[in-house]
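Asker: Before I ask anything, here is the structure I am working with.
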Amino acid sequence: MPVPVPRQRAIPAVECGQAPAASPDSGPSTEQAPPGTNPAEHPAARREHPAEKRENPTDTNTETSTGTDALGDRTQEPAASAGPVTHGTAHSTTPTNLTLLLIEDDPAGSPIVPDLLDQSGKPIRVRTARNLTEAERLLTDDVHCILLDLALSAPAPAAARTGGEGGGAGEDDGEGSDELAVLRHVLELAPRHAVLALTSSSDAERGAEAVAVGAQDYLFRDELDGRLLSRAIRYAVERKRSDSAERRLAEGRVRAQENRRLERGLLPTPLLAGSPLRFAARYRPGRSRALLGGDFYDVVRTPDGTVHAMIGDVCGHGPDEAALGVELRIAWRALTLAGLCGDELLGTLQQVLEHERSDEEIFATLCAVDIAPDGRSAGLCLAGHPSPLVAGPGAPARLLPYDNNGPALGLLPGGRWPRTQVELGAEWSLMLYTDGLIEGHVGEGRERLGQDGMVELVRRQIAEGLEGERLLRATVNEVRELNGGELADDVAVVLLDRIP
């Protein structure tokens, strides 16, 4: 039977969760109880018709709308033991939006349970638990907020009560740590839900401590009414949702910063100490918002004064290809510093690729140049890669010989990569690049820039006095403009200059 209760008391606390499917409406706030509704009305008078029950087949948890007696009765039943109870005909066919879990130890003698309405005027469903064990059973995904009475007894493992303390139902003396222990247990139980703490007006400090521990807000038991509680629930839900969104955003920013630092660290730092050569490079990954693609390059100077330069391209431009490119670059540097060169070095690199690639169809192209200590000649090895470009005073830009171009790494077992000796002269600029630079389109047609188009483009820019970093920047920008937008593939360009 319904138990009439005085109007000046209110219900214990509720916890709010993050169930996306049950987000509150954004309509106008309706904070008054429906006319003629008795807060202590027996729930049997509000049960839905079988036809109405079929319209909400997924709502199988035991829930009540308002009324302390109904909440107290329902806590003894399993969460799926009965059909949903609605708030009258006006809302019988429309599912409510918010669900409140009330945790207090004496639902039958609890203060009044006022009519609670969400922002659109729909009743807020209320479930009641006498202890944390029942609360855990009733805490399903459709619960949005938890209202927790801080006077509730703490669970035995989490509490260290003295013999003089009672059941946690109203004594304030020596009970502060136990009250917060209950709250901490609830926060661990429902980390994604909003929590309101309920305490007495004489213990405002305890309420403030509850907010510091993790509750969204605290309410005074002896000052609570339906209007205030409905507003507090909506506020707690939105605040928890906002806090969660901010936390996810902050975590995403941290991950993005870590990824960018990692990718920057994977880009090479040329080892050219003691060399008269000048170095410049440009790198543009094809992946959106990435710093590293499947292209890779490196330049090192060995103790005998020889400068070794390399540029390569793993087929594809995703994160796996980027990782494989880094592995090949590091392997190339280690092998070069160990004294390997030419066919022997590329053969060993192919073994590395075959062991590290995730698919047998993955291959990599590579161009390797070793420049003699006097800077006048170089050895060239090509593994399915475009030939570098060289330019000098009185000699227009041209491609180095590519007749001895060997197979790409990973294509042919036991492949060979002959080394071609080339003369550079006393003053020159040597540009190594990946095919992303020459495979862009020219205009709106299907014609591509190609190596010949790139050579003409670089000749014109050198004639205009561009060199070093400015030359590379102008080259990449013009290729992008000719393509009519961003290039689809990764682009890497390395420039070495010798000026006596």
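In terms of this note's numbering, the sequence shown is residues 10 to 509.
Every residue gets a Cβ at the ideal spot worked out from N, C-alpha and C, and that includes glycine.
A quick note: this is a predicted structure, and the numbers were derived from the prediction, not measured.
Which whole-angstrom value is the C-beta distance of LEU389 and VAL399, which I expect to be below 8 Å?
Answerer: No, LEU389 and VAL399 are not in contact; Cβ-Cβ is about 10 Å, not under 8 Å.
Asker: Of all the options ALA160, ASP158, ALA138, LEU161, which has the alpha carbon lying nearest to the alpha carbon of VAL515?
Answerer: The structure shown has nothing for residue 515, since the chain only spans 10 to 509.
Asker: Could you spell out where the beta strand (DSSP E) holding GLU432 opens and where it closes?
Answerer: 429-432
Asker: With DSSP as the reference, please indicate the residues paired to THR374 in a beta bridge.
Answerer: ASP322
Asker: Between the alpha carbons of GLU336 and GLY424, how many angstroms are there, rounded?
Answerer: 20 Å
Asker: Using the Cα positions of GLU255 and ARG264, report the straight-line distance between them to the nearest angstrom.
Answerer: 14 Å
Asker: Go through its chain and collect everything with a Cβ distance to ALA289's Cβ below 7 Å, but skip five positions before and after it.
Answerer: GLY477, GLU478, LEU481, LEU504
Asker: Just to confirm, are ARG291 and VAL502 a CB contact at a threshold of 8 Å?
Answerer: yes
Asker: On the three-state DSSP scale, how would you describe ARG425?
Answerer: coil
Asker: From ALA483 to THR443, what distance separates their C-alpha atoms?
Answerer: 16 Å
Asker: Touching or not, the stretch 317-337 and the stretch 435-449, by the rule of three or more beta carbon pairs under 8 Å?
Answerer: yes
Asker: How would you label VAL222, buried or exposed, when you count the other beta carbons within 10 angstroms and need 16 or more for buried?
Answerer: It is exposed - the Cβ of VAL222 has fewer than 16 other Cβ atoms within 10 Å.
Asker: If we count the other Cβ atoms within 10 Å of its Cβ and call it buried at 16 or more, is ASN486 buried or exposed?
Answerer: Burial check for ASN486: the Cβ neighbour count within 10 Å stays below 16, so the residue is exposed.
Asker: Can you grab the Cα-Cα spacing for the pair THR345 / ALA404, in whole Å?
Answerer: Distance between the alpha carbons of THR345 and ALA404: 31 Å.
Asker: Have a look at ARG342, THR108, ASN413 and flag the residue whose alpha-carbon is nearest the alpha-carbon of PRO277.
Answerer: Ranking ARG342, THR108, ASN413 by Cα distance to PRO277 puts ARG342 first.
Asker: So which of ILE155, PRO410, PHE229 has the shortest CA-CA distance to SER211?
Answerer: PHE229
Asker: Please list the terminal residues of the continuous beta strand (DSSP E) segment that includes GLY401.
Answerer: 398-401
Asker: Applying the criterion that 16 or more other CB atoms from any shown protein chain within 10 Å of the CB defines a buried residue, is ILE371 buried or exposed?
Answerer: buried
Asker: Based on Cα-Cα distance, which residue from ASP307, LEU258, GLU247 lies nearest to LEU275?
Answerer: ASP307
Asker: For LEU358, count neighbouring C-beta atoms within 10 Å of its own C-beta (all shown protein chains included) and say buried if the count is 16 or more, exposed if not.
Answerer: buried
Asker: Using alpha carbons as the reference points, say which of GLU453, ALA472, ARG468, LEU475 lies closest to GLU490.
Answerer: Of the candidates GLU453, ALA472, ARG468, LEU475, the one whose C-alpha sits nearest the C-alpha of GLU490 is GLU453.
Asker: Quick one: measure Cβ to Cβ for PHE534 and ARG338, integer angstroms, because I've assumed they're closer than 8 Å.
Answerer: Because the chain in this structure spans residues 10 to 509, residue 534 falls outside the shown range and cannot be described.
Asker: Closest by CA to ARG310, which one among SER284, GLY303, GLU330, ASP329?
Answerer: Closest option to ARG310, Cα to Cα, is SER284.
Asker: By Cβ distance below 8 Å, which residues in the same chain neighbour ARG457 in space, the five residues on each side in sequence not counted?
Answerer: Shown here for ARG457: same chain residues with a beta carbon closer than 8 Å to its own, the five before and five after excluded, namely ILE447, GLU448, GLY449, HIS450, VAL451 in chain order.
Asker: Does the beta-carbon distance from CYS154 to LEU109 come in below 8 Å?
Answerer: yes
Asker: Classify ASN47 as buried or exposed, calling it buried when 16 or more other Cβ atoms lie within 10 Å of its own Cβ.
Answerer: Unreliable positioning characterises ASN47 in this predicted model, as indicated by a pLDDT of 42, which lies under 50. A coordinate reading is not provided.
Asker: Cutting at 8 Å between CB atoms, please list the residues of its own chain near PRO433, excluding the five before and the five after it.
Answerer: For the sequence presented, residue 433 should be read as Leu rather than Pro. Excluding positions up to five away in sequence, the list reads ILE380, GLY384, ARG385, SER386, ALA387, VAL399, GLY401, LEU439, ARG507.
Asker: Over what stretch of residues does the alpha helix (DSSP H) that includes VAL464 continue unbroken?
Answerer: 459-472
Asker: So, at 7 Å on beta carbons, what are the nonlocal neighbours of ALA392 in its own chain, with the 5 sequence-adjacent residues on each side left out?
Answerer: LEU355, THR374, LEU375, GLY415, PRO416, ALA417, LEU418, TRP426
Asker: I need the straight-line Cα distance from LEU111 to SER251, nearest angstrom please.
Answerer: 23 Å
Asker: Would you mind stating whether GLY351 and ARG468 have Cβ atoms separated by less than 8 Å?
Answerer: no
Asker: DSSP three-state call for THR137: helix, strand or coil?
Answerer: Per DSSP, reduced to three states, the secondary structure at THR137 is strand.
Asker: Which of the three DSSP states, helix, strand or coil, is assigned to GLY223?
Answerer: coil
Asker: Between ASP498, LEU196, GLY261, which has its C-alpha nearest HIS326's C-alpha?
Answerer: ASP498
Asker: Give the straight-line distance between the Cα atoms of ALA245 and THR142, rounded to the nearest whole angstrom.
Answerer: 23 Å
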